[in-house]
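Residue numbers (the working numbering): 2 to 475. C-beta atoms are modelled at their ideal positions from N, C-alpha and C, and glycine is treated no differently. The structure appears right after this line, and notes come after that.
Next comes the structure, spelled out in structure tokens:
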């Protein structure tokens with residue numbers, strides 16, 4: 002309240018009361034106007050650039066063609082990103098990338114069979130990733146197989162996928178007696194069977210659950226070595242356990258392609274001479290079901306790698322040779338002495354890294370990694386190997402933007418979506434590239450407003466496939 006002299010107030014009491022009321026109304030009005038102006042300014046960018054959710058309708062990605070994308074080329078011209086000459090800019094922005102040959106519809110750059118044969122077979126080095134040189138990189142768009150269909154939605158995709166998306170019947174013949182996969186009409190079905198779980202993956206997981214607890218979020222992430230078509234990972238996913246499955250690419254096909262088509266996380270990979278592409282302490286559980294990895298050889302190198310990626314207190318589960326060899330040695334067509342020696346070697350390696358064998362029941366054996374290796378290091382007296390690492394030296398690599406975008410295009414399904422978040426000048430360059438790759442894209446302002454250099458680029462890979470064989474012949 003404003004103060005006034007006593008004499009003035011006594012002569013003009015109504016005047017001063019009215020004045021104070023005027024001040025209050027004016028201040029409230031100004032505050033309200035400022036508030037609504039602020040709301041308008043914050044909402045303006047969204048209105049100008051369109052609603053980002055319009056790109057995603059009914060579970061698929063479609064880009065409206067009626068609205069124009071933001072043009073940042075006039076105000077954002079960082080050196081090295083955009084050409085200054087108008088003619089050069091036009092030629093640069095109009096670059097179009099052509100599709101690869103139809104035989105490359107399942108091309109995987111670092112998993113080329115012909116290139117792998119040049120490398121030694123010792124420790125399966127030839128099955129590791131061997132990437133092409135810079136001059137060998139393809140600068141074309143890998144087509145989807147002819148007749149490609151939009152994948153089925155989870156959980157339906159767990160049990161079936163379209164044949165046209167993975168047109169390979171070899172596994173249906175090779176693994177016919179093990180219920181891996183069946184060919185029925187225009188699709189593959191997955192009964193959930195496996196080499197070591199003929200009663201299905203669900204029953205097999207129930208057996209594991211009787212040995213260790215799979216409930217209560219005690220196990221959230223798992224890795225499956227030599228996964229086949231990833232039925233274990235598919236059924237663990239239904240139980241809330243996210244499983245990364247990996248297996249090497251064989252001559253006939255990449256089995257993990259079935260896993261990816263089912264909607265299960267999977268990578269082509271093998272335990273050979275290099276570390277797995279996962280950070281330390283990434284998984285709560287590791288699993289191997291007849292994965293044919295020589296766990297006891299090479300000074301326990303592969304078990305040490307499992308120890309690296311397992312979290313403290315994590316579990317390692319092994320089924321298949323040599324577990325329960327007394328019962329299966331004849332079926333496995335190996336001598337009892339050989340299998341006994343293999344299991345003894347595994348037991349010794351596990352003991353040397355302070356793993357505790359919890360139990361072996363039937364065809365399953367479970368080990369547990371200690372919660373703290375410091376105690377293991379202090380109390381160990383007799384066994385001196387393997388030694389403890391002193392530190393980490395993670396590799397660092399930088400790739401060319403165009404090569405990264407080609408790889409993203411290769412692994413992305415038709416109608417798949419990508420969201421880029423970066424500096425506006427970087428995104429302008431990305432947009433010019435992907436516009437020539439049969440992608441549709443739009444730039445959006447950041448939620449904090451148009452004055453931030455951080456922008457969003459939403460892109461959709463358009464649907465297109467390889468031509469039919471009849472068209473190629475003609």
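Helix, strand or coil for residue 285 per DSSP?
Strand at residue 285.
What does DSSP give as the partner residue(s) for residue 421 in the beta ladder?
458
Here's the rule I'm using: 16 or more other beta-carbon atoms within 10 Å means buried, otherwise exposed. How should residue 270 be labelled?
Buried, by the Cβ-count rule.
Please identify the residue among 140, 356, 225, 315 whose C-alpha is closest to the C-alpha of residue 294.
The shortest C-alpha separation from residue 294 is found at 225.
Near residue 458, which residues of its chain fall below 7 Å by C-beta distance, leaving aside the five closest residues on each side in sequence?
421, 428, 431, 432, 442, 444
Measuring CA to CA, which of 159, 192, 158, 155 is closest to residue 173?
192
Got a sec, what are the start and stop residues for the alpha helix (DSSP H) residue 263 sits in?
257-263
Taking 9 Å as the threshold (C-beta atoms), are residue 344 and residue 415 in contact?
Not a contact, by the Cβ cut-off of 9 Å.
DSSP state of residue 314, grouped into three classes?
strand
Let me know the secondary structure DSSP gives residue 47 once reduced to three states.
Its pLDDT being 41, under 50, residue 47 is placed unreliably in this model, and the coordinates cannot settle the point.
Please report how far the alpha carbon of residue 8 lies from the alpha carbon of residue 27, in whole angstroms.
Because the pLDDT at residue 8 is just 44, under 50, the model does not fix this residue reliably, and the point stays unresolved.
Looking only at DSSP bridge pairs, what is residue 223 linked to?
244, 286
Which residues in the same chain as residue 404 place their Cβ atom closer than 8 Å to its Cβ, once the five residues preceding and following it in sequence are excluded?
138
By DSSP, does residue 463 sit in helix, in strand, or in coil?
coil
For residue 84 and residue 456, I'd like the C-alpha separation in whole angstroms.
Model confidence at residue 84 stands at a pLDDT of 47, short of 50, so the residue's coordinates are unreliable and nothing is read from them.
Determine the DSSP secondary structure at residue 443, reduced to helix, strand or coil.
strand
With DSSP as the reference, please indicate the residues paired to residue 145 in a beta bridge.
466
Excluding the 5 residues preceding and the 5 following residue 406 in the sequence, name in chain order all residues of the same chain whose CB lies nearer than 8 Å to its CB.
431, 434, 435, 438
As an exercise, report each continuous beta strand (DSSP E) stretch of at least 3 residues that is fully enclosed by the segment 151-228, in chain order.
161-163, 183-185, 188-190, 222-226
Please confirm whether residue 310 and residue 291 have their CB atoms less than 9 Å apart.
One thing to note: residue 310 has its Cβ no nearer than 9 Å to the Cβ of residue 291.
Out of 242, 338, 301, state which residue places its alpha-carbon closest to the alpha-carbon of residue 221.
242
So, helix, strand or coil for residue 377, using DSSP?
helix
If I measure Cβ to Cβ from residue 314 and keep anything under 6 Å in the same chain, skipping five residues before and after, which residues do I get?
Residues of the same chain with a CB within less than 6 Å of the CB of residue 314, apart from the 5 flanking positions on each side, are 372 in chain order.
Could you give the DSSP three-state label for residue 431: helix, strand or coil?
helix
Using the rule of at least 16 other Cβ atoms within 10 Å of the residue's Cβ for burial, across every protein chain shown, is residue 262 buried or exposed?
buried
Is the beta carbon of residue 367 less than 9 Å from the beta carbon of residue 360?
yes
In chain order, what residues of the same chain have a beta carbon less than 8 Å from the beta carbon of residue 347, not counting five sequence neighbours either side?
296, 297, 304, 319, 323
Determine the extent of the alpha helix (DSSP H) in which residue 271 is found, giving its start and end residues.
Here residue 271 belongs to no alpha helix (DSSP H), and DSSP marks it neither H nor E.
Touching or not, the segment 332-340 and the segment 204-221, by the rule of three or more beta carbon pairs under 8 Å?
With the cut-off at 8 Å, the segment 332-340 and the segment 204-221 do not touch.
Determine the burial state of residue 336: buried for a count of at least 16 other Cβ atoms within 10 Å of its Cβ, exposed for fewer.
exposed
Check the DSSP bridge columns for residue 320 and list the partner residues they point to.
290, 365
Helix, strand or coil for residue 99, going by three-state DSSP, please let me know.
Here DSSP, grouped into helix, strand and coil, assigns residue 99 to coil.
To which residues of the same chain is residue 306 closer than 7 Å at the C-beta, ignoring the five residues directly before and after it?
272, 276, 277
Leaving out five residues before and five after residue 99 in sequence, what residues of the same chain have Cβ atoms less than 6 Å from its Cβ?
141
Near residue 126, what residues of its chain come up, given a Cβ to Cβ distance below 6 Å and the 5 sequence neighbours on each side ignored?
Hits under 6 Å: 120, 273, 274.
Verify whether the separation of the beta carbon atoms of residue 159 and residue 35 is less than 9 Å.
no
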